[in-house]
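Residue numbers (UniProt numbering): 1 to 378. The beta-carbon is built from N, C-alpha and C at its ideal position, and this holds for glycine as well.
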Amino acid sequence: MCCGELVSTHQTLNPLILAATDGSSDVHRTLLVPISVNTVLPRLSACKEPGTRSPSPNPDPGAPVIKRYNRRVSVCAEAFNPDEEEEDTEQRVVHPKTDEQRCRLQEACKDILLFKNLDQEQLSQVLDAMFERKVKPQEHVIDQGDDGDNFYVIERGLYDIIVAKDNQSRCVGRYDNHGSFGELALMYNTPRAATIVAVTEGALWGLDRVTFRRIILKNNAKKRKTYELFIESVPLLKSLEASERMKIVDVIGEKVYHDGERIISQGDKADCFYIVESGEVKILIKSKTKTSREANQEVEIARCHRGQYFGELALVTNKPRAASAYAVGEVKCLVMDVQAFERLLGPCMDIMKRNITHYEEQLVAMFGSSMDLLDPGN
Numbered sequence: 001m002c003c004g005e006l007v008s009t010h011q012t013l014n015p016l017i018l019a020a021t022d023g024s025s026d027v028h029r030t031l032l033v034p035i036s037v038n039t040v041l042p043r044l045s046a047c048k049e050p051g052t053r054s055p056s057p058n059p060d061p062g063a064p065v066i067k068r069y070n071r072r073v074s075v076c077a078e079a080f081n082p083d084e085e086e087e088d089t090e091q092r093v094v095h096p097k098t099d100e101q102r103c104r105l106q107e108a109c110k111d112i113l114l115f116k117n118l119d120q121e122q123l124s125q126v127l128d129a130m131f132e133r134k135v136k137p138q139e140h141v142i143d144q145g146d147d148g149d150n151f152y153v154i155e156r157g158l159y160d161i162i163v164a165k166d167n168q169s170r171c172v173g174r175y176d177n178h179g180s181f182g183e184l185a186l187m188y189n190t191p192r193a194a195t196i197v198a199v200t201e202g203a204l205w206g207l208d209r210v211t212f213r214r215i216i217l218k219n220n221a222k223k224r225k226t227y228e229l230f231i232e233s234v235p236l237l238k239s240l241e242a243s244e245r246m247k248i249v250d251v252i253g254e255k256v257y258h259d260g261e262r263i264i265s266q267g268d269k270a271d272c273f274y275i276v277e278s279g280e281v282k283i284l285i286k287s288k289t290k291t292s293r294e295a296n297q298e299v300e301i302a303r304c305h306r307g308q309y310f311g312e313l314a315l316v317t318n319k320p321r322a323a324s325a326y327a328v329g330e331v332k333c334l335v336m337d338v339q340a341f342e343r344l345l346g347p348c349m350d351i352m353k354r355n356i357t358h359y360e361e362q363l364v365a366m367f368g369s370s371m372d373l374l375d376p377g378n
């Protein structure tokens, strides 16, 4: 997880070696297969999202058996231009809820990045419009190839992500009691790119496409105006097409950290990727150096500034965070959760993987070995 400027070999250790979590990610998901740019990660450039159905008559023998439920009714993709929709003229959708339901809904939605930039009135309208859906094991929530009708937030339960390709169905990941899915088909008027199947009993909160597009898309249009130039300036993202960079804007959230606040912790599970929007972030790693062998103190190895990134290494390697990151003064970071990272940054994955060897060489130069990167929990 490194200071994402693809630092040259003469610069200080790139924080890519620090993979990290702040516990605020949308989703805590366990990948069931290794990350593969070509097979596991649905490319957003194709306007696809996890949540699809498997049309394969001869699925892969290792793929889970999928029960077929009623297919979604086709939904006409209505035109929507956020810049022209200044007034909300449509009747608002409201699903009555008990106080207990409202509390559960708020808890499930508190870390959803798509909701982070909504003002209080917008968030209240979204919560009013959401409805509860209980699911049973092997129930299909959404099916690959269907039109998108709802966006879903997970309250509880395990959900497999099944992608069908070349007459084979593969389980490419799993949502574990947290997260959200279904947004891309609603944003870009494309079919579902995967099938989501409940593994256990669970509960979801759905948001209809009309409310989603009226509120979330309008908010994203404002985000694009705010972040478009900044995202274009991030070195890592220069290899992406302009349309791909804009889709990143649609799923990122902004978080503010105060001086000395810990952003990620060494040894934690990784669930987010960070780009520094403003301020400075210092990267520290625990290592038994000559001067701190007994205390095993944290040693500063790098600093990240505007446009640099950190937190990616743990997401690339599926290992715990290799270092900790702290705010120096007030810091603003753009945050991308793990599923969006995998979905949208496939074209950048080779760049990030190539840096791992460089980071290990830097660790050897600083500490005499690369054990801290290979075994970040120590």
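For residue i, the three-state DSSP class (helix, strand or coil)
| i | result |
| --- | --- |
| lysine 222 | helix |
| glycine 206 | strand |
| threonine 39 | At threonine 39 the pLDDT is 29, less than 50, meaning the model places this residue with poor confidence; the figure from the coordinates comes in the next sentence. In this structure, threonine 39 counts as coil in the three-state DSSP scheme. |
| valine 276 | strand |
| leucine 118 | coil |
| alanine 108 | helix |
| glycine 267 | coil |
| serine 180 | strand |
| valine 141 | strand |
| glutamate 228 | helix |
| aspartate 337 | strand |
| cysteine 304 | strand |
| isoleucine 283 | strand |
| threonine 195 | strand |
Residue i versus residue j - alpha carbon distance
| i | j | result |
| --- | --- | --- |
| arginine 224 | valine 163 | 30 Å |
| lysine 269 | cysteine 348 | 22 Å |
| cysteine 333 | serine 265 | 16 Å |
| leucine 344 | lysine 222 | 20 Å |
| asparagine 189 | glutamine 168 | 25 Å |
| valine 331 | histidine 178 | 26 Å |
| lysine 110 | serine 180 | 12 Å |
| lysine 116 | proline 235 | 25 Å |
| aspartate 176 | methionine 130 | 21 Å |
| glutamine 138 | serine 287 | 46 Å |
| residue 379 | aspartate 166 | The displayed coordinates of the chain run from 1 to 378. Any statement about residue 379 would go beyond what the structure contains. |
| arginine 303 | glutamate 280 | 7 Å |
| glycine 182 | leucine 315 | 22 Å |
| aspartate 99 | lysine 136 | 24 Å |
| glutamate 261 | isoleucine 301 | 17 Å |
| arginine 321 | aspartate 271 | 10 Å |
Pair within 8 Å by beta-carbon distance, residue i and residue j
| i | j | result |
| --- | --- | --- |
| isoleucine 283 | methionine 336 | no |
| asparagine 219 | glutamine 144 | no |
| phenylalanine 310 | alanine 325 | yes |
| valine 153 | isoleucine 112 | yes |
| glutamine 125 | arginine 104 | no |
| alanine 327 | aspartate 259 | yes |
| glycine 206 | arginine 156 | no |
| proline 191 | aspartate 147 | yes |
| glutamate 254 | glutamate 277 | yes |
Integer-rounded CB distance, given that residue j should sit under 8 Å from residue i
| i | j | result |
| --- | --- | --- |
| isoleucine 216 | leucine 114 | 6 Å |
The ligand GTP heavy atom lying under 7 Å from the CB of residue i
| i | result |
| --- | --- |
| phenylalanine 181 | The ligand content of the structure shown is nil, which means the ligand GTP is not present either. |
Open item on the list: For the structure I just gave you, are there three or more beta carbon pairs, one from the segment 193-212 and one from the segment 242-259, closer than 8 Å?
Closed with: The segment 193-212 is not in contact with the segment 242-259.
Task: Touch test, the segment 185-196 against the segment 221-236, Cβ-Cβ under 8 Å, three pairs minimum - done: At 8 Å Cβ cutoff, the stretches do not touch.
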